[in-house]
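Novice: Got a structure for you, questions after.
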Amino acid sequence: MNDFLAIQQQLKSQKIQGRYITHNLIESIVMQFPNKLIGTSVENRPIHTIDLGSGPVNILIWSQMHGNESTATKALVDVLCYLQQNPAFLAAFTLKVIPMLNPDGAAAYTRVNANEMDLNRDAVEQSQPESKLLVDFYHAFKPDYCFNLHDQRTIFGVNDNPCMLSFLSPAADQSKKRTAAREKAMGVIGYMQNALQEHIPNQVGRYDDTFNPNCTGDFFMQQGTPTLLFEAGQVGQDYARVETRKWYGFSILKALECIALNLHMPNIYQEIPEVEKSFVDVIIKNLHYHKKTIDIALQYAEVLKNKKLHFVPIVHSMGELSNLNAHEIIDVSGKNLSFSHEITVDSNAVWLSELLNLTQYSH
Ligand SMILES: [Zn+2]
């Protein structure tokens, strides 16, 4: 399967680009696969599964349960197109894939669904049609593994590096003991980590495993099903997450390979460093302000306007910022910038990015 890296750019799924990914955008790809309508969202958008393979190991994969987390969906359609061309790889599996569990959130570019509920905190109550649909589908399908696909914010680092991918084998109870299901999920993540270190060393992290029964992964672990959390992260200026998408797809295929060949590496899981909230998007260094020299950290707010996504810089913090890392560092010590704006935490800093000719990102 290492040819995935060579051909990923040529897959037909590459026509899906950018961060704003709606159900309309993926529908034509979904329809190219055997699929089923399994329900609808609060605002009546369709929710589909794609069905591939008829092997003995059942795997349930869902993406975009948080509507604004689209990198996983793009990686997933790459994987599906790859598997369509390489059906032998599917011999071990019956895959059921929900490419977009929260199509309303995707349309509005929000984490939450149309009732402003976080579907990943609704596993026990199942108060929302989308979460109920997922849990009902889980019980009917009886998967041997679940893959729970997400994106993380730009704030995560691992040691002093940006975190491109992170994983979690969630706890199944408060004690966080290593149940058989946890052990299996750890083993698959260890196998992915082992493969990824050859390619993207020191950019893979492990999420905190504090138990929360309302989270879908923890809930399915509690039922005894190994459930892997995947998170796509931010590296440098790649706000479209093109590189992340590639390695995310590679990881999904490696996870399948691990399960098919029974090559679990749980001990490697333990060695993966935990993610830290250590990054901001931009740090402007040595800005003259009120007769002092200060550093200013900016964090982009992702704002949907006229169906286009805009990255709006907001002041995150200011002062002495040597403990923070940034995806972009701009030293303005040599520049004679003059401006009259007041700078305060949480204020909009579009004027500052314009002054510095900061790249404006929109997708
Ligand atoms: Zn998420």
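Counting from 1 along the sequence shown, just add 295 to a position and that's the residue number in this note's numbering. Positions of the beta carbon are idealized from the N, C-alpha and C atoms, including for glycine.
When the Cα of LEU375 is compared with those of TRP357, ILE609, ASP417, which residue comes out closest?
Specialist: Out of TRP357, ILE609, ASP417, TRP357 has the C-alpha closest to the C-alpha of LEU375.
Novice: Report the partner residues of PRO457 according to the DSSP bridge assignment.
Specialist: Its beta-bridge partners are GLY452.
Novice: Counting beta carbon pairs with one atom in the region 550–566 and one in the region 471–490, are three or more of them shorter than 8 Å?
Specialist: Result yes; three or more Cβ-Cβ pairs closer than 8 Å.
Novice: Quick check for students: name the residue ranges of the beta strand (DSSP E) that lie wholly in the region 359–406, counting only runs of 3 or more.
Specialist: Fully enclosed beta strand (DSSP E) runs of 3 or longer: 388–393.
Novice: Span of the beta strand (DSSP E) holding ILE579?
Specialist: Here the beta strand (DSSP E) through ILE579 covers 574–584.
Novice: Ordered along the chain, which non-local residues of its own chain (more than five positions away) have a Cβ less than 7 Å from that of GLN303?
Specialist: Hits under 7 Å: ASP373, LYS541, GLY544.
Novice: Residues in its own chain within less than 8 Å of SER336 by CB, not counting five upstream and five downstream?
Specialist: So the qualifying residues of the chain are ILE342, ASN397, PRO398, ASP399, ASN408, ALA409, PRO424, GLU425.
Novice: What residues sit near ligand 1, counting only those whose C-beta is closer than 5 Å to one of its heavy atoms, in chain order?
Specialist: Checking every Cβ against the heavy atoms of ligand 1 under 5 Å gives HIS361, GLU364, HIS445.
Novice: If you follow the beta strand (DSSP E) that CYS441 is part of, which residue opens it and which one closes it?
Specialist: Per DSSP, CYS441 belongs to the beta strand (DSSP E) from 440–446.
Novice: Taking C-alpha atoms, which residue in MET296, LEU371, SER617, PHE525 lies nearest to VAL575?
Specialist: For VAL575, the nearest C-alpha among the options comes from SER617.
Novice: Using 7 Å as the threshold, is the C-beta distance between ARG536 and ALA550 below it?
Specialist: Their beta carbons are not under 7 Å apart, which means ARG536 does not touch ALA550 by this criterion.
Novice: Which whole-angstrom value describes the C-beta separation of PHE384 and GLY350, a residue pair presumed to lie in contact below a C-beta threshold of 8 Å?
Specialist: With 8 Å as the limit, PHE384 and GLY350 do not qualify as a contact, their Cβ atoms being about 10 Å apart.
Novice: Is it buried or exposed for ALA476, if we count other Cβ within 10 angstroms and need 16 for buried?
Specialist: Buried, because 16 or more other Cβ atoms sit within 10 Å of the Cβ of ALA476.
Novice: Just to confirm, are MET296 and LEU548 a CB contact at a threshold of 7 Å?
Specialist: Against a cut-off of 7 Å, the Cβ pair of LEU548 and MET296 comes out as a contact.
Novice: I'd like to know if the region 581–600 and the region 643–651 are in contact, where contact means that at least 3 CB-CB pairs between them fall below 8 Å.
Specialist: Touching, per the Cβ criterion.
Novice: Starting from the Cα of VAL419, find the closest Cα among ALA370, PHE515, PHE442, ILE624 and give me that residue.
Specialist: Nearest of ALA370, PHE515, PHE442, ILE624 to VAL419, Cα basis: PHE515.
Novice: Taking the beta carbon of HIS494 as the centre, do at least 16 other beta carbons fall within 10 Å, making it buried, or is it exposed?
Specialist: HIS494 comes out exposed.
Novice: Along the alpha helix (DSSP H) that carries MET516, what are the first and last residues, could you check?
Specialist: Where MET516 is concerned, the enclosing alpha helix (DSSP H) stretches over 511–517.
Novice: Please name the residue in GLU615, LEU604, GLU571 whose C-alpha comes closest to that of ALA588.
Specialist: The sequence shown places Thr at residue 588, rather than the Ala named in the question. That would be GLU615, whose Cα lies nearest to the Cα of THR588.
Novice: So for HIS494, helix, strand or coil by DSSP?
Specialist: Correct three-state label for HIS494: coil.
Novice: CA-CA distance, GLN529 and VAL577?
Specialist: When rounded, the distance between both Cα atoms is 12 Å.
Novice: Between the beta-carbon of THR405 and the beta-carbon of ASN363, is there less than 7 Å?
Specialist: Taking 7 Å as the Cβ cut-off, THR405 and ASN363 qualify as a contacting pair.
Novice: Classify ALA466 as helix, strand or coil using the three-state DSSP reduction.
Specialist: In this structure, ALA466 counts as coil in the three-state DSSP scheme.
Novice: Please identify the residue among LEU582, PRO496, SER464 whose C-alpha is closest to the C-alpha of GLN669.
Specialist: The question about residue 669 has no answer here: the residues shown for the chain are numbered 296 through 658.
Novice: Is it buried or exposed for HIS361, if we count other Cβ within 10 angstroms and need 16 for buried?
Specialist: So HIS361 ends up on the buried side.
Novice: Check whether the Cβ atoms of THR317 and ASN415 sit closer than 7 Å, and answer yes or no.
Specialist: No. Outside cutoff.
Novice: Just to confirm my understanding: we take ASN454, look at its own chain, exclude 5 residues before and 5 after, and list those with CB closer than 7 Å. What are they?
Specialist: Excluding positions up to five away in sequence, the list reads ASN497, PRO568.
Novice: In the DSSP assignment, what residue or residues form a beta bridge with ILE609?
Specialist: Answer is GLN594, ASN643.
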